[in-house]
Amino acid sequence: MASSASDKFAAKLARDVIAIAKAKGVPCSTLTEVETLIAEHRDYLKKDKDTYVQLRLARKRRPANEASVSASSSLAASSSTSSSPYRYQLNFRAEVFSQKHSPRLLLEKLRQQQHELDKSARANFSAIHAYKEAKITSKKAIVRGQQLKQQQITFMTGVVKNLPTCATAVDFDPQKGLCKLWQFGDYTVSQLAALPSAPAALSRQLAFLSKHGFHKVFCTGIDLTRLSVNVYFALHESGGKNEEQVGAIFDDLKLPRPTKSELKYISGPGSFTMTFRWDCVGDDECDAMPERICFYTIPSRSPLTKELAAFMKDTLMPQFKGLKQHQKERQHHLNSKFVSVSYGLQEVKGENDPSRENSSGGRIHRYFKHESDWNGDYYELLNRCGRFSRARNADI
1 MASSASDKFA
11 AKLARDVIAI
21 AKAKGVPCST
31 LTEVETLIAE
41 HRDYLKKDKD
51 TYVQLRLARK
61 RRPANEASVS
71 ASSSLAASSS
81 TSSSPYRYQL
91 NFRAEVFSQK
101 HSPRLLLEKL
111 RQQQHELDKS
121 ARANFSAIHA
131 YKEAKITSKK
141 AIVRGQQLKQ
151 QQITFMTGVV
161 KNLPTCATAV
171 DFDPQKGLCK
181 LWQFGDYTVS
191 QLAALPSAPA
201 ALSRQLAFLS
211 KHGFHKVFCT
221 GIDLTRLSVN
231 VYFALHESGG
241 KNEEQVGAIF
251 DDLKLPRPTK
261 SELKYISGPG
271 SFTMTFRWDC
281 VGDDECDAMP
291 ERICFYTIPS
301 RSPLTKELAA
311 FMKDTLMPQF
321 KGLKQHQKER
331 QHHLNSKFVS
341 VSYGLQEVKG
351 ENDPSRENSS
361 GGRIHRYFKH
371 ESDWNGDYYE
381 LLNRCGRFSR
391 ARNADI
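By the count of full-length UniProt numbering, the sequence shown reaches residue 396 at its end, each step adding exactly one.
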């Protein structure tokens, strides 16, 4: 009976992922391939009280010379998206809350990543020696890529082994497969920055983070394809921040402030995230600054701008149990958890939206994200993580 319930859970998740990808013109594997991907990660993607699954759509401005969907994609874009000035990115993420089991689950994923890296390193070593005419720069690039990947795996392994953990998560792209790994716990950003192989830029931002009241990290995630790490803080950790205080974050990062209405929205309840890269050695600007910042805001508790409200409506996503039609039509979708805005400090090819100017004429490289519950309540997960943190601190 349990097996049948798990099979239905996995089958519906695969169908929903495919349906969203097709509707939004997102490159995606076939239904069978997505079902296989889910089956391979059944340790996270299953129906139980400690498992949570979200769907996430990001909308980014499409480069003028980019086709709506790559020719190699298994699914074609719908006619409604082919002429859109935007492109969409879809991910689905699953968390397991368990102080006992979740660290073990993530360490197993990291061991698999290490195995793949070792296998790739052996293959690259053979290729380099087989083709002696290869340029020295190409050889160095291959070796450097392997070293950076190793730093990332070493860092995340250190996070799980050395810092208190209450939940871990895996994140998937419907075409590329596993793309991110996450850990939820209770520790300071100084502890995180002190771990072996942490990005240098993280340590260089400790003074900035302290100035703005960011000390405790509740989530750390690594992007396996981009060699970056995301560090999450409660936006109002050290007391409520007003719009001027949130605006000062942009000022200190030398990033133009958003419009007044957008600044008001992102100052609402939610979290603040900084993204750092490992591949910054030799690039002083990259090594000293985060790649981007993001404000994850609860849409039902902060005034959406017209643009964000339209984006939220455009990215309504299904749930495992589904919603009734009258519920779907409510102003704030019942399963919508965060409608977020990312601001790029370092221009990332094809990922930033330089279409907006702030009041002083400066360009803001930004894009939107919508995170929605597919199974379980993400707020419940965050509350459980909060209770874990409070219990630990009460014992100190």
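Glycine included, C-beta positions come from ideal geometry on N, C-alpha and C.
With respect to the beta strand (DSSP E) encompassing Ile-222, which residues constitute its N-terminal and C-terminal limits? As a position in the sequence shown, residue 222 is number 222, starting the count at 1. Run containing Ile-222: 216 to 223, per the beta strand (DSSP E) assignment.
Look up Val-189 in the DSSP assignment and say whether it is helix, strand or coil. The sequence position of residue 189 within the sequence shown is 189, counting from 1. Residue state, collapsed to three classes: helix.
Pick from Met-289, Leu-195, Gly-185 and Lys-260: whose alpha carbon is nearest that of Leu-209? For the purposes of this step, residue 209 is taken as the residue at position 209 of the sequence shown. Considering only alpha carbons, the answer is Met-289.
So what's Tyr-265 in DSSP terms, helix, strand or just coil? Counting from one through the sequence shown, the residue named residue 265 turns up at place 265. The three-state secondary structure of Tyr-265, taken from DSSP, is helix.
Could you tell me which of Lys-149, Leu-263, Leu-382 and Ser-302 sits nearest to Cys-179, measuring between CA atoms? Here residue 179 refers to the residue found at position 179 when the sequence shown is read from its first residue. Among Lys-149, Leu-263, Leu-382 and Ser-302, the Cα nearest to that of Cys-179 is on Lys-149.
Using 8 Å for Cβ pairs, my map puts Ser-372 next to Pro-174. What's the rounded Cβ distance? For this step, residue 372 is matched to residue 372 along the sequence shown. For this step, residue 174 is matched to residue 174 along the sequence shown. That belief does not hold up - the Cβ atoms of Ser-372 and Pro-174 are roughly 15 Å apart, past 8 Å.
Using the Cα positions of Tyr-265 and Gly-376, report the straight-line distance between them to the nearest angstrom. Locating residue 265 in the sequence shown gives position 265, counting from the first residue. Locating residue 376 in the sequence shown gives position 376, counting from the first residue. Those two C-alpha atoms are separated by around 26 Å.
Counterpart residues of Met-274 in DSSP-defined beta bridges: As a position in the sequence shown, residue 274 is number 274, starting the count at 1. Paired residue(s): Val-231 and Ile-293.
Going by Cα to Cα distance, which pick from Ile-38, Gly-25 and Arg-390 is closest to Lys-216? Translated into positions along the sequence shown, residue 216 becomes position 216. The shortest Cα separation from Lys-216 among Ile-38, Gly-25 and Arg-390 belongs to Arg-390.
How about the region 108 to 124 and the region 195 to 204: do they share at least three Cβ pairs that are nearer than 8 Å? With the rule of 3 Cβ pairs closer than 8 Å, the region 108 to 124 does not count as touching the region 195 to 204.
Could you give the uninterrupted runs of the beta strand (DSSP E) lying entirely in the region 138 to 218, keeping only those of 3 residues or more? List check, beta strand (DSSP E) in window: 165 to 173 and 177 to 188.
Where are the alpha helix (DSSP H) runs, 4 residues long or more, that stay fully inside the region 2 to 76, in chain order? 2 to 24 and 31 to 40
Reduced DSSP secondary structure (H/G/I, E/B, other) of Phe-388: Position 388 of the sequence shown, counted from the start, is the residue given in the question as residue 388. Looking at Phe-388 - three-state DSSP - the assignment turns out to be helix.
Ile-222 burial status per 10 Å Cβ neighbour count (16 or more: buried): Counting from 1 along the sequence shown, the entry for residue 222 is found at position 222. Buried, since its Cβ has 16 or more Cβ neighbours within 10 Å.
Considering just the uninterrupted stretch of the alpha helix (DSSP H) at Gln-245, what are its terminal residues? As a first step, residue 245 must be located in the sequence shown, where it is residue number 245. For Gln-245, the uninterrupted alpha helix (DSSP H) run begins and ends at 243 to 252, by DSSP.
For Lys-60 and Gly-240, what's the separation of their Cα atoms in angstroms? Taking the sequence shown and counting its residues from 1, the one referred to as residue 60 is at position 60. Taking the sequence shown and counting its residues from 1, the one referred to as residue 240 is at position 240. For Lys-60 and Gly-240, the gap between their C-alpha atoms comes out near 30 Å.
Whole-angstrom C-beta distance between Ser-340 and Phe-368, which should lie under 8 Å: For the purposes of this step, residue 368 is taken as residue 368 along the sequence shown, with counting starting at 1. For the purposes of this step, residue 340 is taken as residue 340 along the sequence shown, with counting starting at 1. Between Ser-340 and Phe-368 the Cβ distance is about 7 Å, and since that is below 8 Å, they are a contact.
Which residues does DSSP pair with Phe-368 in a beta bridge? Indexing the sequence shown from 1 puts residue 368 at position 368. DSSP, once it has assigned bridges, lists Arg-59 and Val-341 as partnering Phe-368.
Suppose contacts are defined by Cβ-Cβ distances below 7 Å. Is residue 435 in contact with Ile-18 by that definition? For the chain, the structure presents residues 1 to 396; residue 435 sits outside this window and is missing.
Please state whether the Cβ-Cβ distance between Leu-90 and Val-34 is less than 7 Å. By one-based count along the sequence shown, residue 90 stands at place 90. By one-based count along the sequence shown, residue 34 stands at place 34. Not in contact: Leu-90 and Val-34 (Cβ atoms no closer than 7 Å).
Evaluate Lys-349 with the Cβ neighbour count: other Cβ atoms within 10 Å of its Cβ, from every protein chain shown; 16 or more gives buried, anything less gives exposed. Here residue 349 refers to the residue found at position 349 of the sequence shown. Note on Lys-349: pLDDT 46, under 50, position unreliable in the model; no value is reported.
Candidates Val-159, Ile-38 and Val-96: which alpha carbon is nearest Asp-48's? Counted from its first residue, the sequence shown places residue 48 at position 48. The option with the nearest alpha carbon to Asp-48 is Val-96.
In angstroms with no decimal places, state the Cα-to-Cα distance between Leu-117 and Gly-145. Translated into the one-based positions of the sequence shown, residue 117 becomes position 117. Translated into the one-based positions of the sequence shown, residue 145 becomes position 145. Each residue's Cα considered, the two are about 10 Å apart.
From Ser-190 to Ala-11, what distance separates their C-alpha atoms? On the sequence shown, residue 190 is found 190 positions in, with the first residue counted as 1. On the sequence shown, residue 11 is found 11 positions in, with the first residue counted as 1. The straight-line gap from Cα to Cα measures roughly 42 Å.
If you check the beta carbons only, do Glu-291 and Thr-315 fall under 7 Å apart? In the sequence shown, residue 291 corresponds to position 291, counting from 1. In the sequence shown, residue 315 corresponds to position 315, counting from 1. Going by C-beta atoms, Glu-291 is not nearer than 7 Å to Thr-315.
Counting along the chain, where does the beta strand (DSSP E) carrying Glu-95 start and finish? Here residue 95 refers to the residue found at position 95 of the sequence shown. Unbroken beta strand (DSSP E) run through Glu-95: 86 to 97.
Could you tell me if the beta carbon of Glu-116 falls within a distance shorter than 6 Å of some heavy atom in the ligand FAD? Absence of the ligand FAD is noted for the structure shown, with no ligands found whatsoever.
Check for me: the alpha helix (DSSP H) holding Met-312 runs from which residue to which? Walking along the sequence shown from the start, residue 312 turns up at place 312. Note, Met-312: alpha helix (DSSP H), 306 to 314.
Count the other CB atoms within 10 Å of the CB of Lys-119; is the residue buried (16 or more) or exposed (fewer)? Stepping through the sequence shown from its first residue, residue 119 is reached at position 119. The residue is exposed, with fewer than 16 neighbouring Cβ atoms inside 10 Å.
CB contact flag (Leu-263, Glu-237, <7 Å): Residue numbering aside, residue 263 sits at position 263 when the sequence shown is read from its first letter. Residue numbering aside, residue 237 sits at position 237 when the sequence shown is read from its first letter. No. Outside cutoff.
Cutoff 7 Å; reference Thr-225; Cβ partners in own chain excluding five residues on either side: Taking the sequence shown and counting its residues from 1, one reaches residue 225 at position 225. The residues are Lys-176 and Cys-179.
Tell me whether the beta-carbon of Ala-193 lies closer than 7 Å to the beta-carbon of Leu-202. In the sequence shown, the residue the question calls residue 193 occupies position 193. In the sequence shown, the residue the question calls residue 202 occupies position 202. Judged by beta-carbon spacing, Leu-202 lies within the 7 Å limit of Ala-193, meaning their Cβ atoms are closer than that value.
Alpha-carbon to alpha-carbon, Ser-302 and Leu-235: In the sequence shown, counting from the first residue as 1, residue 235 sits at position 235. In the sequence shown, counting from the first residue as 1, residue 302 sits at position 302. Each residue's Cα considered, the two are about 13 Å apart.
Quickly, what does DSSP pair Asn-393 with across the bridge? List them, please. As a first step, residue 393 is located in the sequence shown; it is residue number 393 there, counting from the start. Listed as beta-bridge partners of Asn-393 by DSSP are no residues whatsoever.
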